[in-house]
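Structure record follows, encoded as structure tokens.
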């Protein structure tokens with residue numbers, strides 16, 4: 365049985381780490397972003413580690429649990445890794461909602477950081 | 010009124026063209042891909058323009074219609090554009106389904122092509 369390609373190993377590790385950290389203590393997510401990182405959260409743009417962490421830390425819920433339905437990873441022409449996640453989340457006592465998220469990962473000084481992050485709730489996916 | 014940033018114009022232009030083309034004649038999508046392009050379609054990987062086009066043209070439906078709920082665009086550190094789309098689609102007489110798609114666009118010889126493409130149906134987004 366072949367090993368998974370390297371980009372899949374890196375992508376899935378990142379995804380696992382991201383959601384574990386997000387659910388446990390999202391104020392600690394700063395380490396995965398840099399000053400050049402961009403986040404688009406439900407259509408709003410945030411530029412740079414500080415703005416991103418401020419947005420994530422101030423999201424209005426106490427508890428959150430993410431559950432990943434599917435994740436896909438690809439290598440990009442510029443040696444980055446692109447990861448797409450489809451899943452469900454539950455915040456506080458709200459009903460479960462679907463979400464979509466993507467990450468572009470770049471290797472900087474031997475660490476994989478997230479340069480681009482986009483998140484959307486799957487609010488309109490009802491026929 | 011300020012103009013949209015360049016990456017948003019490029020991303021939105023690509024996304025509009027892609028779905029219009031997909032819905033009218035997806036065989037003509039070939040121009041958007043190169044030999045280095047990767048597609049992941051519902052978890053299956055396809056490498057290069059030919060393999061991608063073979064997959065898309067062999068999808069088992071006659072009619073398809075995409076409706077975009079939301080799209081987000083960002084510039085990447087390597088001067089690419091990344092676009093994430095959340096929407097719904099209807100194939101033949103099947104019920105409407107949600108979908109999630111991601112495109113990484115790269116400028117090669119003054120033309121924006123798609124180097125990375127990932128598609129997933131939002132099949133598990135019900136609590």
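Protein chains in written order, with our numbering: chain A, 365 to 491; chain B, 10 to 136. The beta carbon of each residue, even a glycine, is placed where N, CA and C say it ideally should be. It should be emphasised that the depicted structure is a prediction, and the values quoted were computed from it without experimental measurement.
Apart from the five residues just before and just after residue i, which ones in its own chain have a Cβ nearer than 6 Å to its Cβ?
{"i": "residue 42/B", "result": "58, 61 and 123"}
{"i": "residue 126/B", "result": "48 and 112"}
{"i": "residue 491/A", "result": "Residue placement at residue 491/A is poorly supported in this model, since its pLDDT is 41, which falls under 50; the coordinates still yield a value, given next. No residues qualify anywhere along the chain."}
{"i": "residue 381/A", "result": "none"}
{"i": "residue 483/A", "result": "405 and 465"}
{"i": "residue 100/B", "result": "70 and 73"}
{"i": "residue 467/A", "result": "447, 478 and 481"}
{"i": "residue 17/B", "result": "82"}
{"i": "residue 383/A", "result": "430"}
{"i": "residue 485/A", "result": "461 and 463"}
{"i": "residue 15/B", "result": "none"}
Sorted by chain position, which residues of the same chain lie with C-beta nearer than 7 Å to residue i's C-beta, five sequence neighbours on each side aside?
{"i": "residue 400/A", "result": "479"}
{"i": "residue 64/B", "result": "48, 50 and 55"}
{"i": "residue 456/A", "result": "425, 426 and 427"}
{"i": "residue 45/B", "result": "124"}
{"i": "residue 134/B", "result": "Confidence at residue 134/B is low in this model, with a pLDDT of 46, below 50, so the placement of that residue should be treated as unreliable; the coordinate-derived value is given next. 107, listed in sequence order."}
{"i": "residue 85/B", "result": "91"}
{"i": "residue 385/A", "result": "392 and 393"}
{"i": "residue 372/A", "result": "437"}
Any beta carbon of chain E sitting closer than 8 Å to that of residue i?
{"i": "residue 438/A", "result": "Here the protein chains are A and B, and chain E is not one of them."}
How about residue i and residue j: do their beta carbons lie closer than 8 Å?
{"i": "residue 81/B", "j": "residue 404/A", "result": "yes"}
{"i": "residue 29/B", "j": "residue 38/B", "result": "no"}
{"i": "residue 73/B", "j": "residue 102/B", "result": "no"}
{"i": "residue 447/A", "j": "residue 420/A", "result": "no"}
{"i": "residue 374/A", "j": "residue 445/A", "result": "yes"}
Among the options, which residue has its Cα nearest to the Cα of residue i?
{"i": "residue 13/B", "options": "83/B, 26/B, 34/B and 68/B", "result": "83/B"}
{"i": "residue 35/B", "options": "75/B, 119/B, 120/B and 93/B", "result": "75/B"}
{"i": "residue 477/A", "options": "377/A, 369/A and 421/A", "result": "377/A"}
{"i": "residue 27/B", "options": "119/B, 93/B and 15/B", "result": "93/B"}
{"i": "residue 128/B", "options": "96/B, 71/B and 116/B", "result": "96/B"}
{"i": "residue 454/A", "options": "394/A, 387/A and 372/A", "result": "387/A"}
{"i": "residue 68/B", "options": "78/B, 18/B and 53/B", "result": "53/B"}
{"i": "residue 98/B", "options": "77/B, 66/B, 87/B and 116/B", "result": "77/B"}
{"i": "residue 474/A", "options": "396/A, 415/A and 389/A", "result": "396/A"}
{"i": "residue 88/B", "options": "119/B, 40/B and 110/B", "result": "119/B"}
{"i": "residue 487/A", "options": "79/B, 114/B, 116/B and 130/B", "result": "79/B"}
{"i": "residue 130/B", "options": "15/B, 40/B, 110/B and 66/B", "result": "110/B"}
{"i": "residue 512/A", "options": "485/A, 437/A and 442/A", "result": "An answer regarding residue 512/A cannot be provided, because it is not within the stretch 365 to 491 covered by chain A."}
{"i": "residue 370/A", "options": "414/A, 422/A and 443/A", "result": "443/A"}
Report all residues from its chain with a CB closer than 8 Å to the CB of residue i; omit the five preceding and five following residues, and keep chain order.
{"i": "residue 136/B", "result": "Any answer about residue 136/B is weak, because its pLDDT of 40 lies below 50 and its placement is not dependable; what the coordinates show is given next. If we look at residue 136/B and ignore the five residues flanking it on each side, it has no Cβ neighbours."}
{"i": "residue 489/A", "result": "Only weak support is given to the placement of residue 489/A: the predicted model assigns it a pLDDT of 46, under 50, and the value that follows is read from those uncertain coordinates. The answer, listed in chain order, is 462."}
{"i": "residue 472/A", "result": "398"}
{"i": "residue 66/B", "result": "35 and 36"}
{"i": "residue 117/B", "result": "43"}
How close, in whole Å, do the beta carbons of residue i and residue j come, if the pair is a contact with beta carbons under 8 Å?
{"i": "residue 432/A", "j": "residue 449/A", "result": "6 Å"}
{"i": "residue 379/A", "j": "residue 435/A", "result": "5 Å"}
{"i": "residue 132/B", "j": "residue 121/B", "result": "With a Cβ gap of about 30 Å, residue 132/B and residue 121/B do not count as contacting."}
Taking 7 Å as the cut-off, does the CB of residue i come closer than this to any heavy atom belonging to the ligand COA?
{"i": "residue 421/A", "result": "Absent from the structure shown: the ligand COA. Ligands present: none."}
Any chance the stretch 98-106 of chain B sits against the stretch 410-423 of chain A, with 3 or more Cβ pairs inside 8 Å? no
Check whether the stretch 420-431 of chain A touches the stretch 12-32 of chain B, taking contact to mean three or more Cβ pairs, one atom from each stretch, closer than 8 Å. Contact annotation: the stretch 420-431 of chain A does not touch the stretch 12-32 of chain B, with fewer than three C-beta pairs closer than 8 Å.
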